[in-house]
Amino acid sequence: QKKQLVIVVKGLDNPFFEAINQGCQKWNSENASSEYECFYTGPASTSDEAGEAQIVQDMLGKPSTVAIAISPSNAKLIAQTIKTAAPTIPVMTLDADLAKEDAALRKTYLGTDNYLMGKRIGDYMKEALPKGGKVCSIQGNPGADNILRRAQGWRDSLSGQEGLTELKGEGGWTEVAGCPVFTNDDGAKGVQAMTDILAANPDLVGFGIMGGWPLFGAPQPYRDLFKPLAEKIAANEFVIGAADTIGEEVAIAKEGLVTALVGQRPFEMGYKAPTVMIDLIGGKPVEDPVFTGLDECTKDTADTCIQK
Amino acid sequence: MAISTLDQTIGQKQQSWLSGVLGSQTFWVFIAVVAACIFLSFATDAFATSKNLYNITRNVTFVAIIALGMTLVIITGGIDLSVGSVLCLCSMVLGVTMHAGYGIEVGIAASIATALIIGAFNGVLIAYLGFPPFVVTLGMLSVARSLAMVASNNTVVFQFGPDHDLLLSLGGGAWFFGIANPVLYMIVLALITGFVLRWTRFGRYVYAIGGNEHAATLTGVPVKPIKVAVYMISALSAGIAGIIQTGWLGAITTNLGAGLELQVIAAAVIGGANLAGGIGTATGALIGAALIEIIRNSLGLLGINAFWQGTFIGSAIILAVLFERIRNFRQSE
Amino acid sequence: MAISTLDQTIGQKQQSWLSGVLGSQTFWVFIAVVAACIFLSFATDAFATSKNLYNITRNVTFVAIIALGMTLVIITGGIDLSVGSVLCLCSMVLGVTMHAGYGIEVGIAASIATALIIGAFNGVLIAYLGFPPFVVTLGMLSVARSLAMVASNNTVVFQFGPDHDLLLSLGGGAWFFGIANPVLYMIVLALITGFVLRWTRFGRYVYAIGGNEHAATLTGVPVKPIKVAVYMISALSAGIAGIIQTGWLGAITTNLGAGLELQVIAAAVIGGANLAGGIGTATGALIGAALIEIIRNSLGLLGINAFWQGTFIGSAIILAVLFERIRNFRQSE
Amino acid sequence: MAVLELSNISKHFGAIQAVNDVSLSIEPGEVVGLMGDNGAGKSTLVKMIAGNFRPSEGTMKMDGAELILHKPVEARRHGIEIVHQDLALCNNLTAAANVFLGRELRRGFGPFAVLDYATMYRRAGELFKELKSETRPRDLVKKMSGGQRQAVAIARTRLSNAKIVLMDEPTAAISVRQVAEVLSLIHRLRDQGIAVVLISHRMPDVFSVADRVIVLRRGRKVADKKIASSSPEEVTGLITGAIEQV
Amino acid sequence: MAVLELSNISKHFGAIQAVNDVSLSIEPGEVVGLMGDNGAGKSTLVKMIAGNFRPSEGTMKMDGAELILHKPVEARRHGIEIVHQDLALCNNLTAAANVFLGRELRRGFGPFAVLDYATMYRRAGELFKELKSETRPRDLVKKMSGGQRQAVAIARTRLSNAKIVLMDEPTAAISVRQVAEVLSLIHRLRDQGIAVVLISHRMPDVFSVADRVIVLRRGRKVADKKIASSSPEEVTGLITGAIEQV
Ligand SMILES: Nc1ncnc2c1ncn2[C@@H]1O[C@H](COP(=O)(O)OP(=O)(O)OP(=O)(O)O)[C@@H](O)[C@H]1O
Ligand SMILES: Nc1ncnc2c1ncn2[C@@H]1O[C@H](COP(=O)(O)OP(=O)(O)OP(=O)(O)O)[C@@H](O)[C@H]1O
Ligand SMILES: O[C@@H]1[C@@H](O)[C@H](O)OC[C@H]1O
Ligand SMILES: [Mg+2]
Ligand SMILES: [Mg+2]
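Residue numbers (the numbering used here), protein chains in the order written: chain A, 1 to 308; chain B, 309 to 641; chain C, 642 to 974; chain D, 975 to 1220; chain E, 1221 to 1466.
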């Protein structure tokens, strides 16, 4: 049996992670003769945070596991899991990191610079609508570190200040009641909430969507919701900055129904992770963090924005 | 006793039509729905807009359609926990088939066939082998979602081949007086279900099985085939909801319909279906689903923190049954 | 008939002890668990390691502890769908209290009080007002999770004030021969539950209520208080599991315990509890939980595609009941 | 010629031999009392005649032709009606719906046939009148008294022109007045040439209404006698086993 | 002195007047037949005496002292035992567990008292022997025949030294042989000075065993006569209402 480089993701029900899986499988097919293999797993649902911890433990307990890369849906909980398991093999994070104070528990983080990503989402919104207004952010699991960092970057960009936990008019931006919305990565739920918030706040000027769920998980209702606003979006009177470039997202950008997308490279994460883990096993120096790039898409750049 | 009295007695109905209606949970939940709508129209500008009503009615449909099938199951005294997963699997089958280049008819046929096979599997275990419905459909809840992951390789499916646009307009369009298509399907399905329950032998048997399965067997009601049919209808309703929802969402992920079973059961129960069997209506299923959606929508519109949503919906579930309890209580003690 | 024959007959037991055991679902599921363990020990190096066994036994505990409470509820013929949410709410209450600077005793007391209040609420509606258990606890499922969101403002709680480390070692430590602490709690709770069911009047009444509630009432069993107690115990078991799980996980979000109710019911049912009431044991709850965890764990260790896991677990749920069905089937036709 | 003839009928449930090699024949217009201890196999025997169970062995003949029944409807088609021991009523349905359960009247054709509520209410009302029972066809059975429930169950047997009516303890737990009604109904059936099998533990009922009494013990027929040539004491002896066989 | 005396007892359920202004008294060792149509209020009346329901109006006295019962246990403590119409058995429990249901024997003290299985099995076995019933204390009631079930229900009344035993249709749907057993049990109870109230629709049973018959109609007492000075015909008339009152 081969030595396993294990990737544990937040949940199998999010297609973002399938792209990671495909990267992982590509590595396997290119390294068929290697003594290592990439093994991808995770709980069935992103909301099953304890389930992810159990899988991490199972994998740490397996003798064939020689390194592990985790995307924690609840950073604190996975930190605690690693702490108690006290693994002797290298542990890294992927896509989502542990909280800053727990950084010592993992060797490195491979993935998006989430703070920067959020900041870029905010930058686009601010650039389009400098005077600001009422906005709402759409988030995933309340405990997901990557999403929280994006939200922080987004707020910092809009407010021009650092570390605010809620926008109350700073830089002209205000988060309305009922926000942020935590969707647990469920697209339909996200659009439904956005619909209601828009109805309740006719003077809303924008959404900051910290994960692409509503766009890739429920593209049609998303379109239905924002088609009437297409002109305002084109005129920068309504601004939407969204994460990811999965599924229909780029098409939606091309239709002009989102001001800007800031996408990640999950395939690259999955493809690179085994190499990074092998380096860690071999004791080679590895940077911390290892950032994968961002792909930024607007209506005009939609055809070319994705790095192949 | 004089013959005339006997004649009179036999000709009488115990309850007038009105007292029957006033005594029904469905009626009072309906009143609650109407009252909520009136209140919301005044309390918030956003409620009575055509856009919001369009959204509300459309959001209701998915739960309502499955609640129609679930109501049949509940009337026979059963339960079907697998509907959320079956919806997901049927959507995936549709999506994967169409993505592979087949037309929408093939996709829908494959999807419906999947639903019927699953329903038949549940039904046969329950009716012929005597498995408890809760256990069988709980197992199927796990199995069907897992098969959906396998079928799609867990990717998001959002390109539906040559008939892509047709599928999307089927689920997302509004072909008739600006009413969302799903709403039309829901109304048609509710009319059919209502008709079947009230006017056909099959419907009568569904009630009889729930009332006293043993008696139904003894009097020659084909209990087992009907139970199988009922679980097939339930799975079918989930499949149909899945097809429509796919057309509406324009993308399928494997978390589609997660946890939906409890919402659907809640809708049926709020609408007056009795989990002990023998009682339930198509109208009730719709009204129950409507109440849940209106609560959800109104909390958003009223600016009430989304965290409180569950408290309101949970309380509604309990309160809906309270009325029925008070009535029973009065009668007995 | 001669007196000696009558004496003999009365002295007899219908079934020998052995045939009783061989006829029980719990026994066969136990055999399945043992067989799976033996198979896995040979099939994979990873299974029979002390580390893995430590993990498995600890993972079992949360479902198993709640399944103990659930088994009592199921024996009385009820069901409790709210346990997953109650676990979440109790964890939150513990977390929020300790985070606010109170000691662990205060946190645990607050948490347990919360559980008991919720259980009493469920129980009173069910026992005294005659609400269907499914409906009440379905409503509570919604309400309790929503309250957890309100209590925590939907944030992650991971700092537990002055007694932080104590809480973590309570749930995450292994104070006794390297056995994970939660496992010890589970064993103690299972012994207590088993003792209560078999040797106390309370336990006898729990079975009597599930066997024939009306008969129990007529013979003077305090049916209503006992039903309330049973729902309180169920909520309590969820609360205890929540406290231990918090200590183990070290962080709480409002997703904790989502969907757990179905897993717990599955464990109880696999272990032989009958949803129709009257049948169930503490051992069964443990064995059922163990089977589910072993399947989950082994699929990962055997490198089986994660997509298929649900299929295996779902099939296990159905198969566990199959044995019991076959036996009944043989006897009747 | 016998309206119903059973030859060597047996029925076992797993290891339990509920009915064992029973033969009997019943003439038109004859009232036969079927007696026996609890568990003697009386209900099982009549359920086979009513198409609820299939015999494990033996044959049944009706009007000389072999009778093979797969389901209750088939028995009814042959003119066999039964009042079940537990009445077999659905509490959530109306009296009329219960009367017509399993043979609902419909209007329209083929797939468009719908339940004919009006006719069913009317017919059920007529039947209740015939039975002199104050039972309202539109009322739910749930709210009915024991006597009314009994009337509903008995009304079923009057739906078609039955040749033989099987009554499984129709008088257990009903009051003196209603017992008299049931017995007089049996007389009326007999007068119309309908054969009746009456299962009862009440000696006086059987002796007042039956022409013949058949006794089962542990699944076997141990007696088949004209009432005129028997006595309650003898039948009691046969039931308990004090008298072995006659 | 009367062992039990009811004065103007009434019970209504909502609008339903189940028992209406009933007074009666019972002497030690007396067997009283309680008859009436279905729904006449017989079960409701004995359930009040057994502590299952509380009277809406009226008073009960036992041995001259006022009797107020909140629950069945209290009735038992006063020496009142009842065999319920539906036997009130739990199918999932053993015969012994059913016999002792609600008054389990325990060993040990206070919170450490545990069920005393051994003694309960032994005592139940003794009771079954006394009743001449082939019933095994360790068997589940689920698998028992009608007669065995009846034995279990009756055995309960023998647990303590009852002063009065209420039997609600103990002979409905049981066989001739078992009816005889029950009637002889009633004789034995009477001989020990225990008062018995027997509810039955079977005229012969009541006339063979009772000293006195009380007839209820629509909740009201319409007759209370010595058996010797009445006749089945008169009682029938009273039950049906052909005779208004005596
Ligand atoms: N469906 C069944 N499965 C298994 N055993 C059965 C079934 N039906 C009846 N029996 C058994 O067959 C035997 C005969 O039962 P049956 O109901 O015919 O008796 P019976 O003479 O009608 O008694 P009773 O006077 O109590 O109604 C009994 O031992 C009974 O337990
Ligand atoms: N718990 C109850 N709630 C409401 N009504 C009741 C209740 N118990 C009995 N009744 C009603 O009270 C009346 C008297 O019933 P009861 O059971 O005492 O009659 P009974 O004389 O025992 O009849 P039977 O011979 O059929 O056993 C009936 O109308 C019955 O429906
Ligand atoms: O990186 C993200 C992942 O962690 C989230 O939960 O789903 C989509 C991505 O935005
Ligand atoms: Mg019978
Ligand atoms: Mg009664």
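Every residue, glycine too, gets a C-beta built ideally from N, C-alpha and C.
> From which residue to which residue does the beta strand (DSSP E) around residue 1197 of chain D run?
Replying inline: 1194-1200
> In the region 12-57 of chain A, which residue ranges form an unbroken alpha helix (DSSP H) of at least 4 residues, counting only runs that do not cross its ends?
Replying inline: 15-30
> Is residue 1442 of chain E near residue 1425 of chain E, with beta carbons less than 8 Å apart?
Replying inline: no
> If you run the structure through DSSP and keep just helix, strand and coil, what is residue 1280 of chain E?
Replying inline: strand
>> Could you check whether the Cβ of residue 1238 of chain E sits closer than 8 Å to any Cβ belonging to chain D?
In response: no
> In three-state DSSP terms, what is residue 1254 of chain E?
Replying inline: strand
>> Please classify residue 832 of chain C as buried or exposed, where buried requires at least 16 other C-beta atoms within 10 Å of its C-beta.
In response: exposed
>> If you measure from each CB to the nearest heavy atom of ligand 4 and keep those under 7 Å, what residues do you get, in chain order?
In response: D:1016, D:1017, D:1059, D:1142, D:1143 and D:1173
> Between the region 693-716 of chain C and chain A, which residues of the former have CB atoms less than 7 Å from a CB of the latter, in chain order?
Replying inline: 693, 696 and 700
> Does any residue of chain B bring its CB to less than 8 Å from the CB of residue 1151 of chain D?
Replying inline: no
>> Distance check for residue 1160 of chain D and residue 974 of chain C, CA to CA, integer angstroms please.
In response: Reliability of the predicted coordinates at residue 974 of chain C is poor, the pLDDT of 43 falling under 50, and the value obtained from them is presented with this limitation in mind. The alpha-carbon atoms of residue 974 of chain C and residue 1160 of chain D are separated by roughly 34 Å.
>> Taking 7 Å as the cut-off, is the C-beta of residue 47 of chain A nearer than that to any heavy atom in ligand 3?
In response: no
>> Can you pull the chain E neighbours of residue 860 of chain C, defined as C-beta to C-beta under 7 Å?
In response: 1292, 1308, 1321 and 1322
> So with Cβ pairs under 8 Å, would you call residue 959 of chain C a contact of chain E?
Replying inline: no
>> At the level of alpha carbons, what is the spacing between residue 310 of chain B and residue 1464 of chain E?
In response: With a pLDDT of only 42 at residue 310 of chain B, under the threshold of 50, the placement of this residue in the model should not be trusted, and no figure is reported.
>> Buried or exposed, going by whether 16 or more other CB atoms sit within 10 Å of the CB of residue 553 of chain B?
In response: buried
> Any idea what DSSP makes of residue 93 of chain A, helix, strand or coil?
Replying inline: strand
> Can you tell which of A:76, A:18, A:39 and A:23 has the C-alpha that lies nearest to the C-alpha of residue 940 of chain C?
Replying inline: A:39
> So is the beta-carbon of residue 1012 of chain D under 7 Å away from any non-hydrogen atom of ligand 1?
Replying inline: yes
>> With a threshold of 8 Å between beta-carbons, can residue 1423 of chain E be considered close to chain D, or not?
In response: yes
> Where does the unbroken beta strand (DSSP E) through residue 112 of chain A begin, and where does it stop?
Replying inline: 109-112
> Do residue 1049 of chain D and residue 1025 of chain D have their C-beta atoms closer together than 8 Å?
Replying inline: yes
> Mapping DSSP to helix, strand and coil, what is residue 1021 of chain C?
Replying inline: A question about residue 1021 of chain C goes unanswered here, because the residues of chain C that appear run from 642 up to 974.
> Alpha carbon to alpha carbon, what distance is there between residue 512 of chain B and residue 1259 of chain E?
Replying inline: 30 Å
>> Let me see if you follow: with CB-CB separation under 8 Å, is residue 737 of chain C close to chain A or not?
In response: no
>> Given the structure, does residue 71 of chain A come close to ligand 3, in the sense that its CB is under 7 Å from one of the ligand's heavy atoms?
In response: yes
> Should the region 719-732 of chain C be called in touch with the region 881-901 of chain C, which here means at least 3 C-beta pairs below 8 Å?
Replying inline: yes
> How long is the line joining the alpha carbons of residue 1078 of chain D and residue 586 of chain B, rounded to whole angstroms?
Replying inline: 18 Å
> From residue 701 of chain C to residue 1257 of chain E, what distance separates their C-alpha atoms?
Replying inline: 59 Å
> Do you know offhand how far residue 146 of chain A's Cα is from residue 249 of chain A's?
Replying inline: 20 Å
> When DSSP labels each residue in this structure, what does residue 210 of chain A get in the three-state scheme?
Replying inline: coil
>> Are the CB atoms of residue 1148 of chain D and residue 1166 of chain D within a distance shorter than 8 Å?
In response: no
> Per DSSP, what kind of secondary structure is residue 309 of chain B in: helix, strand or coil?
Replying inline: The predicted position of residue 309 of chain B is uncertain, since its pLDDT is 39 and thus under 50; no value can be drawn from it.
>> ligand 3 and residue 185 of chain A: does the residue's C-beta get closer than 7 Å to at least one heavy atom of that ligand?
In response: yes
> DSSP state of residue 1018 of chain D, grouped into three classes?
Replying inline: helix
> What are the residues that DSSP puts in a beta bridge with residue 295 of chain A?
Replying inline: A:263
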